[in-house]
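> I'd like to ask some things about the structure below.
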Amino acid sequence: MSGTGYPTFDTTVDKTNRLLKEIEHAYGWPKDRRNQSYEALRAVLHALRDRLTVEESAKLAAQLPLLVRGVYYDGWDPSKVPQKMGKDEFLRRVRGEFRYDVQDGMERLVQTVLQALRQYVGEGEWEHVRASVSRDLAAAFPA
1456 MSGTGYPTFD
1466 TTVDKTNRLL
1476 KEIEHAYGWP
1486 KDRRNQSYEA
1496 LRAVLHALRD
1506 RLTVEESAKL
1516 AAQLPLLVRG
1526 VYYDGWDPSK
1536 VPQKMGKDEF
1546 LRRVRGEFRY
1556 DVQDGMERLV
1566 QTVLQALRQY
1576 VGEGEWEHVR
1586 ASVSRDLAAA
1596 FPA
């Protein structure tokens, strides 16, 4: 657990670190590559955020840990959403923000990040998000 002296901050730092560790563990990345797992999380969050409507985006963000929510909203322009993206466009968008080479390609990276995020999002909201994206992209979402 982090030691900022503020329980809310300590909790969100701890949750964010656990989420990043889950991504790292899935790839066998050592902790010293934390920036790589952060960039994976950021790239997927931004592509997803820009695919959703403002209302759906806000509902999803409300369920994320506070620190992750900040990453989600960083640089967001709600006047430019939703952007229509099928799976291929979504993967290209993630690739554009993720500068590292990754084993098994972008689709596995997206699935890994979504799986890590899944633990923070309620079943109903997760299904709303899945229903808001194209059918081929929804297939990448863990059930």
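So the mapping is simple: this note's numbering equals the position in the sequence shown, first residue as 1, plus 1455.
The beta-carbon is built from N, C-alpha and C at its ideal position, and this holds for glycine as well.
Note that the coordinates shown come from a computational prediction; the quantities given were computed from them, not determined experimentally.
1) Do you know how far the Cα of D1556 is from the Cα of G1579?
2) What do you reckon, are the CB atoms on A1598 and Q1566 nearer than 8 Å?
3) Threshold first: 4 residues or longer. Then list the alpha helix (DSSP H) segments lying entirely within the stretch 1530 to 1560, N to C.
4) Taking the alpha-carbon of D1487 as reference, which of H1501, R1497, K1476 and L1496 has the nearest alpha-carbon?
5) Find the nearest neighbour of R1504 within the set Q1558, A1517, T1459 and W1531, judged by alpha-carbon distance.
6) Once the 5 residues before and after A1495 are set aside, which same chain residues still bring their CB inside 7 Å of it?
7) What would DSSP say about V1589, mapped onto helix, strand or coil?
8) At what residues does the alpha helix (DSSP H) containing Q1491 begin and finish?
9) If you count every other CB in all the chains shown that lies within 10 Å of the CB of H1480, and 16 or more means buried, which is it?
10) Taking 8 Å as the cut-off, decide whether the C-beta atoms of S1589 and K1514 are in contact.
11) In or out: P1520 buried (at least 16 other Cβ within 10 Å) or exposed?
12) Quick one: Cα of F1545 to Cα of R1497, how far?
13) May I have the straight-line CA-CA distance separating G1577 from Q1518, to the nearest angstrom?
14) Return helix, strand or coil for T1459, following the three-state DSSP convention.
15) Under 8 Å between the Cβ atoms of V1584 and L1522?
Per the coordinate set shown:
1) Taking the first residue of the sequence shown as 1, we reach residue 1579 at position 124. Taking the first residue of the sequence shown as 1, we reach residue 1556 at position 101. When rounded, the distance between both Cα atoms is 34 Å.
2) Here the question's residue 1598 lines up with position 143 in the sequence shown. Here the question's residue 1566 lines up with position 111 in the sequence shown. No. Outside cutoff.
3) Qualifying alpha helix (DSSP H) stretches, in chain order: 1542 to 1552.
4) Against the sequence shown, residue 1487 aligns to sequence position 32. Of the candidates H1501, R1497, K1476 and L1496, the residue whose Cα lies closest to the Cα of D1487 is K1476.
5) Against the sequence shown, residue 1504 aligns to sequence position 49. Closest by C-alpha distance to R1504, out of Q1558, A1517, T1459 and W1531, is W1531.
6) By 1-based counting over the sequence shown, the position of residue 1495 is 40. If we look at A1495 and ignore the five residues flanking it on each side, its Cβ neighbours are I1478, F1553, L1564 and V1568.
7) If you number the sequence shown from 1, residue 1589 lands on position 134. Looking at the sequence shown, residue 1589 is not Val but Ser. Here S1589 sits in coil by DSSP.
8) Mapped onto the sequence shown, residue 1491 falls at position 36. Per DSSP, Q1491 belongs to the alpha helix (DSSP H) from R1489 to R1506.
9) In the sequence shown, the residue the question calls residue 1480 occupies position 25. It counts as exposed.
10) What you label residue 1589 is simply residue 134 of the sequence shown in a count that begins at 1. What you label residue 1514 is simply residue 59 of the sequence shown in a count that begins at 1. No, Cβ-Cβ distance for S1589 and K1514 is not below 8 Å.
11) Position 65 of the sequence shown, counted from the start, is the residue given in the question as residue 1520. Label assigned to P1520: buried.
12) Taking the first residue of the sequence shown as 1, we reach residue 1545 at position 90. Taking the first residue of the sequence shown as 1, we reach residue 1497 at position 42. For F1545 and R1497, the distance between alpha carbons rounds to 13 Å.
13) To locate residue 1577, count along the sequence shown from 1; it is residue 122. To locate residue 1518, count along the sequence shown from 1; it is residue 63. Going from the Cα of G1577 to the Cα of Q1518 covers about 8 Å.
14) Along the sequence shown, read from residue 1 onward, the residue named residue 1459 stands at position 4. Reduced to three states, the DSSP call for T1459 is coil.
15) For the purposes of this step, residue 1584 is identified with residue 129 of the sequence shown, where counting begins at 1. For the purposes of this step, residue 1522 is identified with residue 67 of the sequence shown, where counting begins at 1. In this structure, L1522 does not lie closer than 8 Å to V1584 by Cβ.
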